[in-house]
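S.K.: Residues in the sequence shown are numbered from 1 upward in steps of one, following full-length UniProt numbering.
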Amino acid sequence: MAFISGVNMNFSRYMNDEYEKLFRRMNPPRVVIDNESCENATVIRVDSANKHGILLEVVQILTDLNLTITKAYISSDGGWFMDVFNVTDHDGKKVTDEAILEYIRKSLGPESCFMSSMRSVGVTQTMEHTAVELLGSDRPGLLSEVSAVLTNLKCNIVNAEVWTHNTRAAAVMHVTDEETGSAITDPQRLSLIKELLCNVLGGGNKIRGSSSVVTKEVNHTERRLHQMMFADRDYERVDEEEEDVDEKSRPKVTVVNWSDSDYSVVTIQCKDRAKLLFDIVFTLTDMQYVVFHASIDSKGPDAYQEYYIKHIDGSPVKSDAERQRVIQCLEAAIKRRVSEGLKLELCATDRVGLLSDVTRIIRENSLTVTRAEVTTKGGKAVNTFYVGGASGCPVESKTIESIRQAIGNTILKVKGKPEELKPAPQDSPTRFLFGGLFKSRSLANFGMVKSYS
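1. In the DSSP output, what is Asn257 paired with across the bridge?
2. Starting from the Cα of Asn219, find the closest Cα among Leu192, Ser182, His174, Trp80 and give me that residue.
3. Which of the three DSSP states, helix, strand or coil, is assigned to Met287?
4. Taking Lys252 as the reference, give the member of Gly353, Ile280, Ile327 with the closest Cα.
5. Between the Cα of Gly371 and those of Ser391, Pro394, Arg337, spot the shortest distance and give me the residue it belongs to.
6. What separation, rounded to the nearest whole angstrom, lies between the Cα atoms of Asn86 and Lys310?
7. For residue 460 and Phe292, what's the separation of their Cα atoms in angstroms?
8. State yes or no: is the C-beta of Asp302 within less than 9 Å of the C-beta of Asp262?
9. For Lys335, is the classification buried or exposed, using 16 other Cβ atoms within 10 angstroms of its Cβ as the cut-off for buried?
10. Got a sec? Which residues, its chain only, sit under 7 Å from residue 455 by beta carbon, not counting five neighbours each side?
11. Exposed or buried, which one is Pro29 when buried takes at least 16 other CB atoms within 10 Å?
12. Excluding the 5 residues flanking Ala170 on each side, which residues of the same chain have their C-beta closer than 6 Å to its C-beta?
13. On a CA-only basis, which of Val256, Ser137, Thr267 is nearest Asn199? Give me that one, please.
14. Looking only at its own chain, which residues have a Cβ that is under 6 Å from the Cβ of Asp77, when we skip the five neighbours before and after it?
15. Taking one C-beta from the region 375 to 392 and one from the region 311 to 331 each time, how about it: are there three or more such pairs within less than 8 Å?
16. Using 8 Å as the cut-off, can you tell me whether the region 364 to 379 makes contact with the region 339 to 349, which would need three or more C-beta pairs spanning the two stretches below that distance?
17. How many angstroms separate the CA atom of Val374 from the CA atom of Ala348?
18. Please classify Lys422 as buried or exposed, where buried requires at least 16 neighbouring CB atoms within 10 angstroms.
19. Considering only C-alpha positions, which residue in the set Glu178, Asp177, Ala160, Arg168 is nearest to Gly202?
20. Nearest by alpha-carbon distance to Lys94: which of Val266, Asp350, Ala41, Val58 is it?
21. Is Leu150 closer than 9 Å to Val172 when the C-beta atoms are compared?
22. For Thr96, which option in Gly141, His52, Ile44 has the closest C-alpha, if you only look at C-alpha atoms?
23. Glu364 lies in the beta strand (DSSP E); which residues open and close that run?
24. Counting along the chain, where does the beta strand (DSSP E) carrying Asn156 start and finish?
25. Whose CA, out of Leu62, Glu179, Ser48, lies closest to the CA of Leu276?
26. Closer than 7 Å by C-beta to Lys398: which residues in its own chain qualify, once you throw out the five before and the five after it? Chain order, please.
27. What three-state label does DSSP hand Lys194 in the structure shown?
28. For Trp80, I'd like the list of residues in its chain whose CB is within less than 6 Å of its CB, leaving aside the five on either flank, ordered along the chain.
29. Quick one: grab the DSSP three-state call for Ser339.
30. If you reduce the DSSP assignment to three classes, tell me which class Thr399 lands in.
31. Taking buried to mean at least 16 other C-beta atoms within 10 Å of its own C-beta, is Gly141 buried or exposed?
32. Assuming residue 477 and Ile184 make a contact with CB atoms under 8 Å, what is their CB distance in whole Å?
33. List the endpoints of the continuous alpha helix (DSSP H) containing Ala171.
34. Given a cut-off of 9 Å, decide if Val255 and Ser264 are closer than it, judged by their beta-carbon atoms.
35. Tell me the rounded alpha-carbon separation between Gly353 and Asn66.
36. From Phe432 to Thr176, what does the alpha carbon distance come to, in whole angstroms?
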């Protein structure tokens, strides 16, 4: 009987999948892009057959194009999904690039195939690179130590993203072999990389664990970072004194149940920022909640968002403990990507050890990296660091001057503290990046370091 029951369940699941495919073929997604009806934004309307995760996929596509969603109206009750998004480009203007508009039509329209697979923990291997995923306790100099270990192992870091939140740090790094410029495939070498990086991650606070593992799946980096930190329970507050200090800056998240309906209503008020909608929608989706209706609006520096949700089993939030968990997880999702302090950007010709050298100088000047983004394209590396003083202290002007002197001929602009910085002295043509450390490499090979407000 158990065998027959299993067959029936598999058959039922198969028929549901086939019905969904048929429904989508009979009701293909429709995308309308309107640059006329709104004065200061491009309006994108998406109509499609509904399924769990489709909202996240649409938001992810728009976010990955570096588009800012200023307003949105979402409705996915029943079998149909209808969304309207007001978006702008990185300059805050309407989207007029026809290549981007055509990509949106193809990605969201009838030719699209929405994929909702979530990523597992590990190190990803492709023909181009090996992706190293790290999780551990945050501490000053951690990124410097990790990048130094990879450099010593003859690995070149071509892309990386590092997040820190609530004493925890997570990173996804794409590395290549120094000699071949391709992925690292030797099992013994991969095992050594994992072992040495675990040793580095375990060198800090050992109250909570650390990990460096391997997988063969390729997934979305920001999804993975959210998943890693969520699984690590970074949403649990560990310092009540710090919580009191941060009360004013904390996002305001409420969850209430409607007395006359089965919905739970989530409202969020916080400072607006790039990718905010993606972070919230991903967290709700990954926690197995379905967004049936939503309204998103950004006014000036602030964002207001309202979601009508149910658990995937059709129930609203059932208990106060569940309500508190939803609130904490959404607060964490918002704060993981918040970037406080100074933003430093290095534009340079890529080479092995570049990230290690830059982060060493940051560490030697007693600055901590709270978030980092490293990208390499066409042989050029763009490394962005969000840095602060040790133990949360303000960054002093003399520290920035010291970094300028160590790096060489640079242009550094700073938002906030230090408020006043002396102009950087003009270096002679023979000056080299990082002082005399690389006397065989001219400044022209490395570009410059900048900080943007």
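Where is the CB? At the ideal position from N, CA and C, for every residue including glycine.
M.R.: Quick answer:
1. The beta-bridge partner set that DSSP reports for Asn257 consists of Ser264.
2. Answer by Cα proximity: His174.
3. In this structure, Met287 counts as coil in the three-state DSSP scheme.
4. The shortest C-alpha separation from Lys252 is found at Ile327.
5. With the sequence shown as reference, residue 371 is identified as Arg, and Gly is not the correct amino acid for it. Residue Arg337 is the option with its Cα nearest to Arg371.
6. Taking C-alpha positions only, Asn86 is separated from Lys310 by approximately 25 Å.
7. Because residue 460 is not part of the residues shown, which for the chain are 1 to 453, the question remains open.
8. Taking C-beta atoms as the reference points, Asp302 and Asp262 fail to come closer than 9 Å.
9. The residue is buried, with at least 16 neighbouring Cβ atoms inside 10 Å.
10. No answer is possible for residue 455: it lies beyond the span of the chain, which begins at 1 and ends at 453.
11. The C-beta of Pro29 has 16 or more other C-beta atoms within 10 Å across all chains shown, which makes the residue buried.
12. When the five nearest sequence neighbours on each side are left out, the beta carbons in the same chain lying within less than 6 Å of the beta carbon of Ala170 are those of Leu135, Trp163, Leu225, Met228, Met229, in order along the chain.
13. Nearest to Asn199 by C-alpha distance, out of Val256, Ser137, Thr267, is Ser137.
14. These residues qualify, in order along the chain: Phe292.
15. Flag = no, the region 375 to 392 and the region 311 to 331 do not touch.
16. Of all C-beta pairs linking the region 364 to 379 to the region 339 to 349, three or more are shorter than 8 Å, placing the two stretches in contact.
17. Their backbone Cα atoms lie some 11 Å apart in a straight line.
18. With a pLDDT of only 44 at Lys422, under the threshold of 50, the placement of this residue in the model should not be trusted; the figure read from the coordinates follows. Exposed, by the Cβ-count rule.
19. Among Glu178, Asp177, Ala160, Arg168, the Cα nearest to that of Gly202 belongs to Arg168.
20. With respect to the C-alpha of Lys94, the residue from Val266, Asp350, Ala41, Val58 having the closest C-alpha is Ala41.
21. It is not a contact, given that the beta carbons lie outside the stated cut-off.
22. By alpha-carbon distance to Thr96, the top candidate from Gly141, His52, Ile44 is Ile44.
23. Glu364 -> not in any beta strand (DSSP E); alpha helix (DSSP H) instead, spanning 354 to 364.
24. For Asn156, the enclosing beta strand (DSSP E) begins and ends at 155 to 165.
25. That would be Leu62, whose Cα lies nearest to the Cα of Leu276.
26. Correct list: empty, nothing qualifies.
27. Looking at Lys194 - three-state DSSP - the assignment turns out to be helix.
28. Same-chain partners within the cutoff: Asn50.
29. Here Ser339 carries a coil assignment [DSSP, helix/strand/coil].
30. Three-state result, Thr399: helix.
31. By the neighbour-count criterion, in which a residue is buried when 16 or more other Cβ atoms sit within 10 angstroms of its Cβ, Gly141 is buried.
32. Outside the displayed span of the chain (1 to 453) sits residue 477, for which this structure offers no information.
33. For Ala171, no alpha helix (DSSP H) encloses it; the enclosing beta strand (DSSP E) starts and ends at 168 to 177.
34. Closer than 9 Å, so yes.
35. Approximately 29 Å between the Cα atoms of the pair.
36. No answer about Phe432 holds up, because its pLDDT of 32 lies below 50 and its placement is not dependable.
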